[in-house]
Amino acid sequence: MLMIPGGKKIQNAGSFEIFLITDYQDQDIRNFALADALVLDWQQPDHAKALLKEIRSSFIESIYLLPVFIFNADGIVGDTERALSDGELSVMQEEPIVKVIRQVKKRREDFTPHETNSSENRILTKLFRYMYTRDKALNPEVDVAAHMGYEYPLIRLHYPAGESMEMLKILRRGTDTDFFQGTFVDKTHVCPSCHSGHLNLREVCTKCASAHISSESLIHHFVCAYMGPEGDFMTKQGLVCPKCNRQLRHIGVDYDKPSVIYRCHDCRHEFQEPDITALCLNCKTVTPVENLKEIVLDKYLLTDLGRDAARSGIKVEGEEREFTIPGFVNFGTFLTFLRFEIERVKVSGKESQMGSVSLNLPARLRSNRQQFERLVLDISDFIRNNTDSSDILSFASDNTFFMIFPEKGDMAVEKMLYDFRTSIEKLLVNTFEDESEWNLAAQFETLNADTEYNTLINQVKTI
Ligand SMILES: [Zn+2]
Ligand SMILES: [Zn+2]
Ligand SMILES: [Zn+2]
1 MLMIPGGKKI QNAGSFEIFL ITDYQDQDIR NFALADALVL DWQQPDHAKA LLKEIRSSFI
61 ESIYLLPVFI FNADGIVGDT ERALSDGELS VMQEEPIVKV IRQVKKRRED FTPHETNSSE
121 NRILTKLFRY MYTRDKALNP EVDVAAHMGY EYPLIRLHYP AGESMEMLKI LRRGTDTDFF
181 QGTFVDKTHV CPSCHSGHLN LREVCTKCAS AHISSESLIH HFVCAYMGPE GDFMTKQGLV
241 CPKCNRQLRH IGVDYDKPSV IYRCHDCRHE FQEPDITALC LNCKTVTPVE NLKEIVLDKY
301 LLTDLGRDAA RSGIKVEGEE REFTIPGFVN FGTFLTFLRF EIERVKVSGK ESQMGSVSLN
361 LPARLRSNRQ QFERLVLDIS DFIRNNTDSS DILSFASDNT FFMIFPEKGD MAVEKMLYDF
421 RTSIEKLLVN TFEDESEWNL AAQFETLNAD TEYNTLINQV KTI
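Each residue of the sequence shown is one higher than the one before, starting from 1 at the first, in full-length UniProt numbering.
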């Protein structure tokens, strides 16, 4: 029987593995791969939210597609969280959960395994599969905590705050290639330098840009044709014309207020149309409103072509071009070698190592494909020249170098990865000069008689 620490099994007529999670301490999402559905108790909203996001961030299909419900008697659930879940329950009912389990299982039968070396395609395929199993549209959700003030849940999990434009670009790509049908929902404006949607819009002086201005009506006295600010007409006896000293009586009859005049309290400038500028509350850039970046917020639905792509993965010509790196094997072959190596050390009683070096580059630095491929080839050359011919090398998911070192020893591998890291770092500094938003992660696993292939693969796939 399946057990999940911190989870209570919910009995149901369909004998599905449904768990109510009440304890969020030390939850490991890998434990959920065999569950049929989870119900998250919303008593600890922060913990529940974090776990929900972690589940939907995974690239493991049985985890990110898992039906997850929110059990919430009286708390508040945000739109983003609701959109990431399969529904909200205020009492524990079995039918809505079982309905989603059955639908997701049925839809997943249509899927064929999909491998891609493009991180964009990997994200899009995941999004399509999620939408396909749920018949869900991808809606922009208002979220005060979001960088833009809006979120596209799920896809957003793969783009940090500073990369919202990259995120919108990939959605747009989905529409351009007819996988999505976009329908207009709303528009918003963001800061052109950091793309934050948190802006303070205010009227400012046309001369010195100070916001310390006030407006006053202009009064036109018909009788003597004098025109001046309302303040000049104010007396204890009411409105009196400063030019002809007559009392003003009825607006529209003997006087009018044709317009407003603005006065700056800093530079004393007077003007009729103030400028409007936006102060970005995130990076403090001040931008005239007409220069703000306009973002169209569409709602996305899968087209027939999109549903096809959900079933078999995205094939875009050119994009899918496998990197052929001399001396490197493709990832599928690498996994086969890995399985053999684990079997081999089980028999021999010796130890081998598997190492990885991940390049975590923001999408911005990957967007120049030629530059990126050259960089990958340079690193590959370096790795190949500094490993033995018996070592197995691979490059996967557009970001990670994998290596199997048969019987090399932990110490030697650790030193080797350290050297790789140092040299690759130098290469990245040279390539991206003053860009510093990348990081490198190098790690290794010892392969011995206790190594479980499946556990190791799950770890590898989450890198
Ligand atoms: Zn007058
Ligand atoms: Zn001024
Ligand atoms: Zn900004």
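The C-beta atom is built at its ideal place from N, Cα and C for all residues, glycine as well.
Counting along the chain, the unbroken alpha helix (DSSP H) around Q371 starts and ends at 369–385.
The C-beta of P258 has fewer than 16 other C-beta atoms within 10 Å across all chains shown, which makes the residue exposed.
The shortest C-alpha to C-alpha distance from L297 to any of P140, M411, V289, F372 is the one to P140.
Of W42, D79, V104, the smallest CA-CA separation from I63 is found for V104.
The set of residues whose C-beta lies within less than 5 Å of a heavy atom of ligand 2 reads, in chain order, C205, K207, C208, S210, C264, D266, C267, H269.
Scanning the region 52–128 for uninterrupted alpha helix (DSSP H) segments of 4 residues or longer gives 61–64, 79–84, 95–108, listed from N- to C-terminal end. Exclusion of the five residues before and after H269 leaves C205, T206, K207, C208, R263 as the residues of its chain whose Cβ lies within less than 8 Å of its Cβ.
Within its own chain, no residue has a Cβ closer than 8 Å to the Cβ of R369 once the five positions on either side in sequence are excluded. If you draw a straight line from the Cα of F401 to the Cα of N330, it comes to about 11 Å.
Taking non-hydrogen atoms of ligand 1 into account, the C-beta of K243 is found less than 8 Å away from one of them. If you draw a 10 Å sphere on the C-beta of P67, you find 16 or more other C-beta atoms in it, and that means buried. Taking all protein chains in view, the Cβ of C241 is crowded by 16 or more other Cβ atoms within 10 Å, so the residue is classified as buried.
Here the alpha carbons of G6 and L34 stand approximately 16 Å from one another. Separation of D86 and V100 (C-alpha to C-alpha, rounded to the nearest whole angstrom) is 8 Å. Relative to ligand 3, the nearest heavy atom lies less than 8 Å away from the CB of H195.
Runs of the alpha helix (DSSP H) lying entirely within the region 161–192, each at least 4 residues long, are 164–176 in chain order. Between D135 and the set K243, D304, A73, the nearest pair of CA atoms involves D304.
Remark: the shortest separation between the CB of K53 and any heavy atom of ligand 3 does not fall under 8 Å. For L335, the enclosing alpha helix (DSSP H) begins and ends at 331–348.
For the options E435, T451, S356, the alpha carbon positioned closest to that of D419 is the one of S356. Counting along the chain, S215 sits inside the beta strand (DSSP E) bounded by residues 213–221. Between the region 188–197 and the region 137–156, the count of C-beta pairs closer than 8 Å reaches three or more; the two stretches touch. In the three-state scheme derived from DSSP, where H, G and I count as helix and E and B as strand, R263 is classed as strand. Residue state for G14 is assigned as coil, using DSSP reduced to three classes. The C-beta separation of I21 from L2 comes to about 13 Å, leaving the pair out of contact by the 8 Å criterion.
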